[in-house]
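These notes concern the structure reproduced below.
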Amino acid sequence: MIYHLFDFLTRQGIVFPFSRLFTYVSFRVGLAVILALLISTILGSKLISYLQRKQIGELVRDLGLEGEQAKKGTPTMGGIIIILAILIPTLLFARLDNIYIILMIVTTVLMGLLGFADDYIKVFKKDKNGLKEHYKIFGQVFLGLIVGVTLYLSPSVVIKRNSEVIREGNAREIRFETTDTKSFQTSVPFVKDNNLDYSEILPIDDPAVKKIVGVTIFIMMTVFVVMLLSNGVNLTDGVDGLASGSSAIVGVVLGVLAYVSSHHDMAGYLNTMFIPGAEELVIFASTLVGATIGFLWYNSYPAQVFMGDTGSLALGGIIGVFAILIRKELLLPILCGIFIAEFTSSFIQRFYYKFTRMRTGTGVRVFKMAPLHHHFQLPGGTAANSLLKKPVDKIPEAKLTMRFWLVGIILAVLTIVTLKIR
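In our numbering, the protein residues as written are -4 to 417.
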């Protein structure tokens, strides 16, 4: 908004001494992250007080975990803080005519509303199950379709293909095509020629059919990523500070990847596709980092507020869509290893329990409890019918969160390294 204001005034011949600063992405990134931090910390205390007055507290299920009953009544729906801390700086400092920013705003609002509906039913309707599962799935699929179809139809969504040229003396140089290209390409880690075109997956010669196949696979991948990450972050949000801290780590890497993809010389040096317009996503990533770090002020152990599904579904959708926009969705198994491990552990637990109950009449669990972080919270041997008989020491909640963060940082560094190791 401020960018557009100064741009309008400049075209009218009104120039302020500092107005040119807003043309630099780095300057707007700095302002965005500072404002996001201030909003999440200052607004956080006020919202927590309001939630306490209205007695909007967490309903805690009896899972047999140490200290869980102490969390009963802790204010929830704190994801509102994160959403506002993301949206306000984005609206102020990003270019609102950028298709990528528009999609990120739509993602934040839609997934935030979906999570808010879930929290509202849990808190005010006193229904621990919250929003029906098929409504959540519908919302996630709907968002995935919006993003996938928009990326396909929008003329602003283009890339510049890169190719390696070998000069005399085996000197290598990366060149980009001079024309913008509509493409279904994505980046593949640890592969030299690291661009995969979805339309080339199946051996089809007909160009029209190849295009249809590429569009279909691309949209299906978008829907899958949105569902995987939104549910993954949602399941991770079971320990104080775990989901918000892990999201901040992921947000830093996404910002780096967006900057590299939008910088002509850097994209050429690292031999990755050049995406014009993606530099505005660095601003959005900075608001994500600022909002989640600021939220940690109140959400770290012992938590004064929980983000609820309002925050976790929004964060998961943001991370998934962001990765799709910069064509780095195949890096998510590395970058978001924590979220995917949490989701996978819950899926395995649920599937295997139902499968063994159907076969033998007695359900058998793989983990002592799912998602994965609860497995480490339980002392060894307390869960019946678990395949993992080897005792696992119970890890205190604060230490568990810190260890998961450390794993997340290692995965983040590995993700950055994939830009060079092929």
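Beta carbons are placed, not taken as given, at the ideal position from N, Cα and C, and that holds for glycine. Because the structure is a prediction, the values reported are computed rather than measured.
Keeping to the same chain, check which residues put their C-beta closer than 6 Å to that of Leu46; ignore five residues upstream and five downstream. Pro70
Under the three-state DSSP convention, the category Gln299 falls into: coil
Any contact between the segment 216 to 234 and the segment 309 to 319? By contact I mean 3 or more CB pairs, one from each, below 8 Å. yes
Starting from the C-beta of Leu42, find all residues in its chain whose C-beta is less than 6 Å away, skip the five residues before and the five after it, and write them out in chain order. Ile76
Considering Cα atoms alone, identify which of Ser256, Val183, Thr351, Ile343 is closest to Ala365. Ile343
I need the straight-line Cα distance from Leu87 to Val284, nearest angstrom please. 16 Å
Quick one, are the C-beta atoms of Leu79 and Met106 less than 9 Å apart? no
Suppose the cutoff is 7 Å on Cβ atoms and the five residues either side in sequence are ignored; what does the same chain contact list for Phe17 look like? Ile(-3), Tyr(-2), Phe1, Arg23
Apply the 10 Å Cβ neighbour rule to Tyr193 and answer buried if 16 or more other Cβ atoms are within range, or exposed otherwise. buried
Separation of Gly403 from Cys331, as counted between CA atoms: 8 Å
What are the partner residues of Lys155, as DSSP defines its beta bridges? Phe269
Have a look at Phe362, Thr103, Val248, His370 and flag the residue whose alpha-carbon is nearest the alpha-carbon of Gly306. Thr103
Spatial neighbours of Pro297 within its chain, please: CB distance less than 7 Å, with the 5 preceding and 5 following residues excluded, ordered by chain position. Asp235
Shortest alpha-carbon distance to Lys205 belongs to which of Gly134, Ile214, Glu195? Glu195
My guess is that Phe269 and Lys155 are in contact by the Cβ rule of under 8 Å, so how many angstroms apart are they, rounded? 4 Å
If we ignore side chains and look at the alpha-carbon of each, how far apart do Gly376 and Ile333 end up? Only weak support is given to the placement of Gly376: the predicted model assigns it a pLDDT of 46, under 50, and the value that follows is read from those uncertain coordinates. When rounded, the distance between both Cα atoms is 24 Å.
Spatially closest choice to Pro391 from Ala407, Ile405, Leu373, by CA coordinates: Leu373
With DSSP collapsed to three states, give me the class of Gln7. coil
Which partner residues does Asp192 have in the DSSP bridge list? Gln180
Please name the residue, chosen from Leu126, Gly25, Leu237, that lies closest to Pro84 on a Cα-to-Cα basis. Gly25
Please name the residue in Lys117, Leu140, Asp113 whose C-alpha comes closest to that of His129. Asp113
How big is the Cα-Cα spacing for Thr410 and Pro202? 34 Å
To the nearest angstrom, report how far apart Thr231 and Phe3 are at their CA atoms. 44 Å
On the DSSP letters alone, give me the boundaries of the alpha helix (DSSP H) that Ile199 sits inside. Per DSSP, Ile199 belongs to no alpha helix (DSSP H) and is neither H nor E.
For Leu126, which residues of its own chain have a beta-carbon under 7 Å away from its beta-carbon, when the five flanking residues on both sides are left out? Ala112, Asp113, Ile116
State the Cα-Cα distance for the pair Lys389 and Leu237, rounded to the nearest angstrom. 17 Å
Measuring alpha carbon to alpha carbon, tell me which residue in Val144, Tyr293, Phe338, Ala89 is nearest Val218. Val144
Between the C-alpha atoms of Val245 and Asn229, what's the straight-line distance to the nearest angstrom? 15 Å
Using the three-state DSSP reduction, which class does His(-1) fall into: helix, strand or coil? helix
N- and C-terminal bounds of the alpha helix (DSSP H) containing Ile141: 128 to 148
Leu373 - DSSP class collapsed to helix/strand/coil: coil
For Pro271, which of Ile94, Ile51, Ser35 has the nearest alpha-carbon? Ile94
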